[in-house]
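Residue numbers for the sequence shown follow this note's numbering, beginning at 584 and rising by one.
Glycine included, each C-beta is placed from N, C-alpha and C at the ideal position.
I have placed the structure first, in the form of structure tokens, so that the comments after it can refer back to it.
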Amino acid sequence: MSSLPNLTSHYAEAFPELVKAATPAPTPKPQLVVLNHELARELGLDPQWLATSEGIEFLLGHRLPDSTTPVAQAYAGHQFGGYAPLLGDGRAILTGELTVADRLIDIHVKGSGPTPFSRPGSDGYAALGPMLREYLVSEAVHALGIPTARALAVITTGGTILRETQQPAAVLVRTGPSHIRVGTFQYVRAQNDQKLLQRLTNYSLQRHYPGATGDNPALSLLKHVVERQAQLLSAWMHAGIIHGVMNTDNMTIAGHSIDFGPVAFLDAFDPNAVFSSIDFAGRYAYGNQPVIAEWNLARFAEALLPAIMQPEDEQVLTQDEAIREATEAVVAFREVYSTAWASRFNHRLGIPDAGTADLGTELLEHLRATNKDFTSFFAGLADIATTGVLPQETVPELATWYERWLHLEPDADQVAEQNPVYVPRNHLMEEALTAAVTDHDFSVFHTLLAAVTNPYERQNAYAHLEQPTSMAYSLNYQTFCGT
584 MSSLPNLTSH YAEAFPELVK AATPAPTPKP QLVVLNHELA RELGLDPQWL ATSEGIEFLL
644 GHRLPDSTTP VAQAYAGHQF GGYAPLLGDG RAILTGELTV ADRLIDIHVK GSGPTPFSRP
704 GSDGYAALGP MLREYLVSEA VHALGIPTAR ALAVITTGGT ILRETQQPAA VLVRTGPSHI
764 RVGTFQYVRA QNDQKLLQRL TNYSLQRHYP GATGDNPALS LLKHVVERQA QLLSAWMHAG
824 IIHGVMNTDN MTIAGHSIDF GPVAFLDAFD PNAVFSSIDF AGRYAYGNQP VIAEWNLARF
884 AEALLPAIMQ PEDEQVLTQD EAIREATEAV VAFREVYSTA WASRFNHRLG IPDAGTADLG
944 TELLEHLRAT NKDFTSFFAG LADIATTGVL PQETVPELAT WYERWLHLEP DADQVAEQNP
1004 VYVPRNHLME EALTAAVTDH DFSVFHTLLA AVTNPYERQN AYAHLEQPTS MAYSLNYQTF
1064 CGT
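Dropping the structure here:
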């Protein structure tokens, strides 16, 4: 490339009150470990140039257009139910935005050193293993058709950091529609600045919901975010995703998935499944996620309430009226989520939307009782829909369910298209990360990445990636937030 990509500082210039200048730390000997060629081309970037020393410096935020100012973003948030008035990007920096098809896309580096928002005792850096985890999980989630931040690259810095042991330091370069969060609005609400709240509301609408209508912008934004989050949560639940840290600072206004530190995928179906090492009470257990999403949206509504009461140039609402409108908007999450969940289940089962409503719920009860592997069970439905032959040793309750389902004449092709064969199973993830970090062998990582980014097509070479783990492994498996 003859010049640097045309990054802008759109968000930083619009909201100087919500950012602080932050400079990515020097990297003694950067090395590109993984580069997402497909995503680079989608962003209008040249993958070959990104692999050069100049391209790597651009990715790291060390070489940017003169007009661009890298920043750390301010936000607050409820973390495991407790409110923190100031969090902010303590180990991540927004280097700028690219304009792609008239949309702004954030370029964000994680693990790039301390920022003005770094917590006491935090060095702002990240280890290679967690950055590879985020890369692999985000690309797997994208391949499943779920809105998500995406990973552009992982780069080792040449340095080491101390976690439990010495680890190679690395930076993740990620992209997304924006990093405006529920926690961003909570931070603004705490400033008691009505004009700033209205500005952020209007900006979020224009950036993420340009077709939105209505006389009350804040109420309109709330309704759109509720809709998007309900759709997102139904997709997570069907994929068997356990996010692990559904704090309000990890819920985006654009309605996409972010921050995959302790994320895990279900092994056996269990609504109480928890893998995060810090979720002692199971607040963010798999089955709790829709409830927590609605709780987070209620916090969003609280933050928006002054703007809902006093929309610009429109009729002022009383507090009671505003609370009633906001409550109705948040409670609508339940119906949107339930409808989306049922529709997705019908598609996964290959039956019409008018198919029997309780079939999915009944199936999940059987899966829980029999400890069936979640992904394997659904991946096997296509063959059964084609042949009508049930698996050996099917328990009577499941046999009855299969008969009811086959009676509806499921579309085998649709079943195959809707149920992934490959997801980043927890034991496979750990094998890939251990091989990469400890043995400097990235072949296991790339094999798993290739499978989960083409998740619906069964391939003989990946047969070992279909195998469930043992119950003992699953019960003792833990994920960690630390990077």
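Rounded C-alpha distance that separates residue i from residue j
| i | j | result |
| --- | --- | --- |
| GLY664 | ASP832 | 11 Å |
| GLU1143 | SER959 | No statement about residue 1143 is possible, as the shown extent of the chain runs from 584 to 1066 and does not include it. |
| ASN1002 | THR910 | 35 Å |
| VAL754 | GLU680 | 18 Å |
| LEU804 | HIS791 | 9 Å |
| VAL724 | PHE700 | 29 Å |
| MET829 | PHE843 | 10 Å |
| PHE768 | TYR786 | 12 Å |
| TYR985 | ALA952 | 16 Å |
| GLN1074 | ALA709 | In the structure displayed, the chain extends from 584 to 1066; residue 1074 sits before or after that span and is not available. |
| ILE836 | GLY971 | 44 Å |
| ARG931 | PHE961 | 8 Å |
| TYR1005 | ASN1037 | 8 Å |
| LEU587 | GLN789 | 27 Å |
| ALA923 | THR944 | 14 Å |
| SER1026 | ILE891 | 53 Å |
| ILE841 | PHE641 | 22 Å |
| VAL616 | THR740 | 10 Å |
Exposure of residue i, with buried meaning 16 or more beta-carbon neighbours within 10 Å
| i | result |
| --- | --- |
| HIS1023 | exposed |
| GLN614 | exposed |
| PRO713 | buried |
| PRO609 | exposed |
| THR758 | buried |
| PRO793 | exposed |
| GLN872 | buried |
| THR678 | buried |
| PHE799 | Per the sequence shown, residue 799 should be read as Asn rather than Phe. Buried, by the Cβ-count rule. |
| HIS990 | exposed |
| GLY865 | exposed |
| ASP685 | exposed |
Pair within 9 Å by beta-carbon distance, residue i and residue j
| i | j | result |
| --- | --- | --- |
| ILE688 | LEU601 | no |
| PRO730 | GLY838 | yes |
| LEU1068 | VAL1020 | Because the chain is modelled from 584 through 1066, residue 1068 falls outside the range shown and cannot be assessed. |
| ASP1045 | ALA1055 | Note that residue 1045 is Tyr in the sequence shown, not Asp. Result no, Cβ atoms of TYR1045 and ALA1055 do not sit closer than 9 Å. |
| ARG716 | GLY696 | no |
| VAL1035 | GLU810 | no |
| TYR920 | SER817 | yes |
| HIS949 | GLU976 | no |
| THR1075 | THR698 | Past the boundaries of the shown model lies residue 1075; the chain is included only from 584 to 1066, so the question cannot be answered. |
| ASP850 | THR1052 | yes |
| PRO703 | ILE676 | no |
| LEU783 | PHE598 | yes |
| HIS661 | ARG1008 | no |
| VAL692 | GLY644 | yes |
| LEU887 | LEU802 | yes |
| HIS762 | GLN656 | yes |
| LYS955 | PHE852 | yes |
| PHE916 | GLN812 | yes |
Any C-beta of chain B under 9 Å from that of residue i
| i | result |
| --- | --- |
| LEU745 | In summary, chain B is missing from the structure at hand, where a single protein chain is found. |
Secondary structure, alpha helix (DSSP H): runs of 4+ residues fully inside the stretch 798-831: Segments of the alpha helix (DSSP H) lying fully in the stretch 798-831: 800-822.
With a floor of 3 residues, list each beta strand (DSSP E) that falls wholly inside the stretch 654-686, ordered by position along the chain. With a minimum length of 3 residues, the continuous beta strand (DSSP E) runs that stay inside the stretch 654-686 are 654-656, 660-662, 665-667 and 675-683.
Quick one: any contact between the stretch 898-907 and the stretch 920-934, if contact means 3 or more CB pairs under 8 Å? Fewer than three Cβ pairs drawn from the stretch 898-907 and the stretch 920-934 lie within less than 8 Å of each other, which leaves the two stretches out of contact.
Taking one C-beta from the stretch 959-975 and one from the stretch 985-1001 each time, how about it: are there three or more such pairs within less than 8 Å? As far as the Cβ criterion goes, the stretch 959-975 touches the stretch 985-1001, which means the pair count is three or higher.
Would you call the stretch 668-677 and the stretch 730-739 in contact, with 3 or more CB pairs under 8 Å? Taking 8 Å as the limit for Cβ pairs, the verdict is that the stretch 730-739 does not touch the stretch 668-677.
What are the start and end residues of each continuous beta strand (DSSP E) run of 3 or more residues lying completely inside the stretch 717-777, in chain order? Qualifying beta strand (DSSP E) stretches, in chain order: 733-745 and 749-759.
Sequence ranges, alpha helix (DSSP H) only - wholly within the stretch 982-1036, length at least 4: Runs found: 995-1001, 1009-1020 and 1026-1035.
Suppose only complete runs of 4+ residues qualify. What are the alpha helix (DSSP H) ranges in the stretch 876-946, listed by chain order? As far as the stretch 876-946 is concerned, its whole alpha helix (DSSP H) runs of at least 4 residues are 902-932.
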